[in-house]
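Residue numbers (this note's numbering): 39 to 640.
We put the beta carbon where it would ideally sit given N, CA and C, even for glycine.
Take a look at the structure set out below.
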Amino acid sequence: MKKLVLVCTFCLLRFLCAAQDHTDDALAYQYYQQGQFQEASILFEKLYNKNKNETYFELYFSSLLKIKKFEEAEKLVRKNLKQNPKNLTYSIALGRLFQEKGQAQEANKQYMEALSNLPADEFKIREIATQFYNFQAYDLAITAFQQGRKLLKSNKPFTFELLSIYRYKKDKQMLIQEYLDALPEMPQLLPQAESVFSTIFEENSDYQLLQGALLKKIQKEPQIEIYTKLLIWQYLQQQEYEMALRQLIAQDKRIKDDGGILYQAANTFLSNQAYTVAIKAYEYLLLKGKENTYYLPAKVELINTRYELLIAGKYDKNAITELAAAYQSILDEYGKTPLTVFALKKWINLQAYYLNQLETAEKALEEAIKIPGLSLTDLGQLKLELGDLYILTQQPWEAILIYEQVAKQFENQAIGNEARYRSARLSYYQGNFAYAKSQADVLKASTSQLIANDALNLSLLISDNLQSPTDSSALKMYADAEMLQFRNLSSQAMVKLDSIEITFPNNSLQDDILMAKSKIWIKDNEINKAIEVLKLLTEKHGTSIWADDALFILGGLYENNLKDTEQAKAVYQKLINDYPGSMYTTEARKRFRKLRGDIIGT
């Protein structure tokens with residue numbers, strides 16, 4: 039019985055001691071994290087003397103250094119060195135002590151001695167390098183990893199550790215080199231590499247540094263495909279689309295791809311408005327033949343790209359005719375079906391707005407809405423287009439009827455609200471300002487932000503410019519000019535806009551006129567003239583309803599047309615700062631971050 043009592047007592051004492059150690063441990067860590075190093079040192083000393091644990095040694099030693107108890111720290115480390123002369127942890131600790139005391143030469147001697155005695159043991163090397171890392175001796179940590187690779191006779195270990203340090207230090211050259219060395223063995227790192235580069239690269243010279251390193255690698259090891267992929271990404275980041283396409287075509291031929299990679303890249307060119315490069319990419323894909331999976335998609339996108347290029351004002355009338363014929367060929371080959379309605383809509387748009395074949399376009403639209411199997415959305419959209427065409431053919435009542443039809447059919451839906459807005463816009467064109475404003479006021483609460491913003495602008499345009507008979511008359515001329523622009527009669531619209539100031543000096547429409555002119559210049563591809571009037575608008579009419587619109591458009595012109603990154607960033611920054619409530623602020627922030635090199639979507 040006495041033995042049982044003794045055993046129970048012993049177990050209880052061990053439990054109580056363990057519990058006390060646990061309490062001291064938690065409290066010591068808390069003191070350390072809160073910067074109460076005096077209190078932490080007392081508890082860590084107790085814990086270390088009891089357990090002789092290297093973790094406790096490190097924290098006890100660091101606490102002593104923090105409170106500058108150098109003699110006590112030196113006594114501690116020399117005692118351990120005497121007992122364990124081959125333990126590099128204590129040798130490095132002695133170096134830290136010298137460093138804290140300002141004895142740099144002695145500290146460096148200790149560090150070099152530790153590094154020269156590294157064992158050919160991956161775990162031990164990592165442990166020593168981590169010690170350096172923990173007291174922010176990053177260069178020494180790098181040296182430890184590099185020396186370790188020599189000892190292990192392999193460049194594969196420590197990749198992630200070195201990448202982390204190089205990224206933290208923003209050592210771009212070494213970061214690039216480490217990724218390029220790692221990628222052939224670990225191609226799954228490519229997305230990470232691209233994200234990291236886009237985060238830390240700040241200037242064009244950084245991308246040039248990557249390009250130079252990649253070209254050397256490709257020249258030396260042309261069979262490693264991952265380098266080509268990264269080079270293509272680099273060209274895309276720099277918007278060097280021609281160079282990217284050249285590499286993509288070479289890659290496609292080399293790996294005998296089915297065209298999938300190139301097709302996705304062509305779509306990227308298109309989304310970035312690199313129309314001519316996208317056209318070349320789609321044309322290359324067509325050379326693979328009709329049997330290829332991407333033949334038909336490439337053919338369709340090729341025509342669509344030419345369409346986008348055309349409406350950007352870069353093609354003459356002959357090109358428009360050729361493009362219309364290309365869409366017609368799709369319709370001839372595949373018929374007028376729900377699957378080809380996209381081609382039919384583009385063909386009709388060209389006939390109506392560019393070739394002045396209004397009757398042909400009107401007849402085609404009236405037939406299009408009768409195509410069997412059309413989705414309700416396609417049907418509603420075609421009817422809206424027909425309504426617009428009735429305006430062009432001077433049948434306003436027919437236009438209003440079809441707009442109202444769509445509005446009722448799609449009540450409380452985006453397409454229905456769009457129909458109501460177009461009806462209000464037509465009333466505005468006709469000079470029926472009171473009715474147009476009442477309709478626009480209802481639409482200001484639309485769930486579609488774009489429609490709500492357009493309705494708000496129309497409502498404010500009318501209310502701000504009906505304060506006097508002069509302003510009302512000027513507004514009627516302005517509405518006429520907008521109608522002319524709607525009918526694609528740019529030169530006549532510009533003349534009408536210029537005549538407003540002559541006929542009604544000091545009218546209240548100056549900011550609206552500048553915005554209208556900018557839209558005409560952009561449509562006619564007169565980018566510098568558009569920038570001139572937009573800058574004038576933002577500088578002289580900062581409180582205008584168009585001020586945030588003007589900044590957003592201006593930023594886009596600098597970014598996409600002039601490729602002036604710095605000007606684009608400055609404009610987007612002004613929009614973000616000066617108009618935080620604008621519907622464009624979120625998108626402007628995304629574009630600004632992209633131009634700055636941030637990772638988008640995080």
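Nearest neighbour of Q419 by Cα position, chosen from E397, L396, E436 and Q443, turns out to be Q443. By the beta-carbon neighbour count (other beta carbons within 10 angstroms, threshold 16), L481 is buried. In chain order, L308, Q311 and Y313 place their CB closer than 8 Å to the CB of E346, counting only its own chain and leaving out the 5 sequence neighbours on each side.
Excluding five sequence positions before and after Y70, the CB atoms of its chain that fall closer than 7 Å to its own CB belong to A78, L97 and S101, given in chain order.
Excluding five sequence positions before and after T603, the CB atoms of its chain that fall closer than 6 Å to its own CB belong to L633, given in chain order. Per DSSP, Q215 is one residue of the alpha helix (DSSP H) stretching across K210 to A220. Contact between L252 and L268 holds: their C-beta atoms lie close to 6 Å from each other, under 8 Å. Remark: three or more beta-carbon pairs, one from each stretch, lie closer than 8 Å, so the stretch 511 to 521 and the stretch 536 to 554 are flagged as touching.
Annotation for F307: the continuous alpha helix (DSSP H) segment containing it runs G298 to S309.
Runs of the alpha helix (DSSP H) lying entirely within the stretch 416 to 456 and spanning at least 4 residues, in chain order: 434 to 447.
By the neighbour-count criterion, in which a residue is buried when 16 or more other Cβ atoms sit within 10 angstroms of its Cβ, A606 is buried. Straight-line spacing of the CA atoms in E138 and E216 works out to 32 Å. Look at R525 here: in three-state DSSP terms it is coil, with no helix or strand label. Take the alpha-carbon of Y322 and the one of A362: they are about 22 Å apart. Inclusion of L396 and L427 in the CB contact set at 9 Å is warranted, their separation being smaller than that value. The beta carbon of N193 is closer than 8 Å to those of R187 and D219 in its chain, skipping five residues each way along the sequence.
The Cβ neighbour count for W271, taken over all protein chains shown within 10 Å, is at least 16; the residue is labelled buried. T181 carries a helical assignment under DSSP once its states are collapsed to helix, strand and coil. Judged by DSSP secondary structure, L393 falls outside any alpha helix (DSSP H); it is assigned neither H nor E.
Between the stretch 578 to 597 and the stretch 541 to 561, the count of Cβ pairs shorter than 8 Å is three or higher; the stretches touch.
Approximately 5 Å separates the beta-carbon atoms of I166 and L126; this is inside 8 Å, confirming the contact.
About 12 Å separates the beta carbon of I256 from that of P222, a gap too long to meet the 8 Å contact definition. In the structure shown, the three-state DSSP call for Y273 is helix. From the listed residues K106, D63 and E109, the smallest Cα separation to N89 is found for D63. Secondary structure of Y332 (DSSP, three-state): coil.
Boundaries of the alpha helix (DSSP H) around T576: I565 to K578.
Per DSSP, N545 lies in no alpha helix (DSSP H) segment and is marked neither H nor E.
Below 8 Å, enough C-beta pairs join the stretch 468 to 479 and the stretch 487 to 507 to call them touching: three or more. Between the stretch 582 to 595 and the stretch 296 to 305, the count of Cβ pairs shorter than 8 Å is below three; the stretches do not touch. K374 is positioned such that its CB atom lies closer than 9 Å to that of E405. With a contact defined as Cβ atoms closer than 8 Å, A452 and Y441 miss out at about 14 Å. Judged by their CB atoms, N455 and S486 are nearer to each other than the 9 Å cut-off. Per the C-alpha coordinates, the member of Q447, Q141 and Y128 positioned closest to F170 is Y128.
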